[in-house]
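K.L.:
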Amino acid sequence: MIDPVLLRENPDALKLSQRARGDAESLVDDALAADSVRRAAITSFEALRAEQNAFGKRVAQAAPDDKKALVAEVQQLAAQVRAAGVAATEAEQAFTAAATRIANPIIPGVPSGGEENFVTLREVGEVPSFDFEPRDHLEIGELLGAIDMGRGAKVSGARFYFLRGIGARLELALMNMALDRALAAGFIPLITPTLVKPEIMAGTGFLGEHADEVYRLAEDDLYLTGTSEVALAGYHADEILDLTEGPIRYAGWSTCYRREAGSHGKDTRGILRVHQFNKLEMFVYTTPEEAEAEHDRLVAWQEAMLRSLGLSYRVIDVAAGDLGSSAARKFDIEAWVPTQGAFRELTSTSNCTTFQARRLDTRFRTESGKTAPVATLNGTLATTRWLVAILETHQRADGSVTVPEALRPYLGGLELLVPGAV
RNA sequence: GGAGACGUCGCAUAGUCAGGCCUAGUGCACCACCCUGCUAAGGUGGAGUCCUCGUAAGGGGACCGAGAGUUCAAAUCUCUCCGUCUCCGCCA
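Quick note, the first sequence lines up with residues 778 to 1199 if you use the numbering used here.
1) Can you tell which of V887, Q870, A817 and K974 has the C-alpha that lies nearest to the C-alpha of R796?
2) If we require 4 or more residues per run, which alpha helix (DSSP H) segments fall completely within the segment 825-902?
3) Given R740, which residues of its chain have a CB within under 8 Å of its CB, disregarding the five upstream and five downstream residues?
4) Quick one: what does DSSP say S1145 is sitting in, helix, strand or coil?
5) Given this structure, state the Cα-to-Cα distance separating V954 from L1188, to the nearest angstrom.
6) Taking the straight line between their C-alpha atoms, what separation do you get for L791 and G985?
7) For L1193 and T1179, I'd like the C-alpha separation in whole angstroms.
8) State the beta-bridge partners of N1055 as determined by DSSP.
9) Does the distance from the C-beta atom of A1008 to that of T1002 stay below 8 Å?
10) Pick from L1158, A1166, E1080 and R1026: whose alpha carbon is nearest that of I965?
11) Check whether the segment 793-807 and the segment 1154-1164 touch, using three or more Cβ-Cβ pairs below 8 Å as the test.
12) Indicate the three-state DSSP secondary structure (helix, strand or coil) for I819 in the structure shown.
13) What separation, rounded to the nearest whole angstrom, lies between the Cα atoms of W1030 and T969?
14) Helix, strand or coil, according to DSSP, for S1089 in the structure here?
15) State the start and end residues of the unbroken beta strand (DSSP E) segment that holds F983.
16) Among the residues of its own chain, which have a CB less than 8 Å from the CB of L1057, if the five just before and after it don't count?
17) Can you tell me whether DSSP reads D989 as helix, strand or coil?
18) Under 8 Å between the Cβ atoms of L847 and E828?
19) What would DSSP say about N1155, mapped onto helix, strand or coil?
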């Protein structure tokens, strides 16, 4: 939800953002109109209600003989109050509907345009080269007995898989390494529910343009989350947080579920694009003033992970049109996948400023003692998908894979993954 | 799954049976000031959230788990839902 004060006082700023995103500027004018209708409706309801309240006191104090006449007199007023109340509620809903259609205003500097208009901020690490024909992650995974797509399909269908043996261990090692780093940085670990209520799903913005990406359990009116961000954002819904000690940082560990509707035929091989995976997600509640600096910190933690794993990557500033409605800025880190000859997204970190918090009603107390919406940020610290880049980058001619040093402590010191081993 | 009890301003509670004197009382905690040289001291006052009118001072409205209803009037009556607790049943 956008800031209604910003809407009223600086609608042009919102229009500028809408243009950069490729969204309709007219939505801003619609919301402005709905806002003035809403406020007029509230004012007239309140005036009538005040009148009725005053009358009610007279009725209460009146002599029994006079009550009948007085009650008869207010009946018409009561009907007016009722009608005005309905009108106010409707105007309120109309405004919310109009305001909800406007996306979070982008942060100045975010590139305009669509998906292809991203800006590369930096490329880090040397793109790996091989003196043999590199195998793709699935081929390696099968040689190692680590990834089993066939049985995944047998049990659950396309885009499902088993991680077996060293594959299962590798994922746990990666998650634990990420968790240790998060702990060192002061994050509170949180294992989150993966089924959430509709209002939480809606509050985090995933029922908007991504609605068809989400699994829904109609029988129970619950949604399977595609990221623990949903539960982490909902965690402090309707609360007033104490941010005087600094940002509140959570590391959420959960399985993630995605329908991948509309991506048929895309990335069908291996575990690059799957219906279910695990993820360690960073989620931060902080003040609006601190949000941009925190965003940079989240990227720094992500980059440190990727560097430790010996991956080659680039950091991109995602273009406005590709942001999603809640994010005011998003940095993606894409790792080099040798057999694709391309950078593929491994992490994503969004600064949602106060947009998400306003919908979920999460606030903090400012120095003046007033309450104000917090800023929320989120970013990936590790996911199953990273195995793709790790396996491919560190493979050797014989099909074995060198374990990055930083990961070895989490695999009992194992240095090399060898085909045929269990 | 069945039966019952409960959900009140940060915490703890009163108020609900008999709707209007509840702009929700009290205790603790909190903030300011006063008093007092000390370890659960006393006094006075203040204090919630959201919306709205107003340049401001200052008004008005809403909120007693959520929603709907009855009524001139709902914390209080009715219904639905959610949550918590107790007992029974079932259970990987």
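Cβ atoms here follow ideal geometry from the backbone N, Cα and C, with glycine treated the same way.
P.N.:
According to the structure shown:
1) Working through the first sequence from its first residue, we reach residue 796 at position 19. Here the closest residue by C-alpha is V887.
2) 841-877
3) Any question about residue 740 goes unanswered here, given that the chain covers just 778 to 1199.
4) Within the first sequence, numbered from 1, the residue matching residue 1145 stands at position 368. Three-state result, S1145: coil.
5) Position 177 of the first sequence holds residue 954. Position 411 of the first sequence holds residue 1188. Here residue 954 is Met; the residue named in the question, Val, does not match the sequence. Straight through space, the alpha carbons of L1188 and M954 are spaced by roughly 10 Å.
6) As a position in the first sequence, residue 791 is number 14, starting the count at 1. As a position in the first sequence, residue 985 is number 208, starting the count at 1. In a straight line, the C-alpha of L791 is about 19 Å away from that of G985.
7) Counted from its first residue, the first sequence places residue 1193 at position 416. Counted from its first residue, the first sequence places residue 1179 at position 402. In a straight line, the C-alpha of L1193 is about 5 Å away from that of T1179.
8) On the first sequence, position 278 is the one that residue 1055 refers to. In the DSSP output, where bridge partners are listed per residue, N1055 has T1032.
9) Working through the first sequence from its first residue, we reach residue 1008 at position 231. Working through the first sequence from its first residue, we reach residue 1002 at position 225. A contact, by the Cβ cut-off of 8 Å.
10) Here residue 965 is taken as the residue at index 188 of the first sequence, counted from 1. Among L1158, A1166, E1080 and R1026, the Cα nearest to that of I965 is on R1026.
11) Counting C-beta pairs closer than 8 Å gives fewer than three between the segment 793-807 and the segment 1154-1164, which falls short of the contact rule.
12) On the first sequence, position 42 is the one that residue 819 refers to. The DSSP-derived three-state label of I819 is helix.
13) In the first sequence, the residue the question calls residue 1030 occupies position 253. In the first sequence, the residue the question calls residue 969 occupies position 192. Roughly 7 Å separates the two Cα atoms.
14) Within the first sequence, numbered from 1, the residue matching residue 1089 stands at position 312. Three-state DSSP puts S1089 in coil, outside helix and strand.
15) For the purposes of this step, residue 983 is taken as the residue at position 206 of the first sequence. Counting along the chain, F983 falls outside any beta strand (DSSP E), and DSSP gives it neither H nor E.
16) As a working note, residue 1057 is residue 280 in the first sequence. These residues qualify, in order along the chain: M952, A955, L956, A959, A1028, G1029, W1030, T1157, L1158, A1159 and T1160.
17) What you label residue 989 is simply residue 212 of the first sequence in a count that begins at 1. Helix, per DSSP.
18) Position 70 of the first sequence, counted from the start, is the residue given in the question as residue 847. Position 51 of the first sequence, counted from the start, is the residue given in the question as residue 828. No, the pair does not count as a contact, with Cβ atoms beyond the cut-off.
19) Counting from one through the first sequence, the residue named residue 1155 turns up at place 378. In this structure, N1155 counts as strand in the three-state DSSP scheme.
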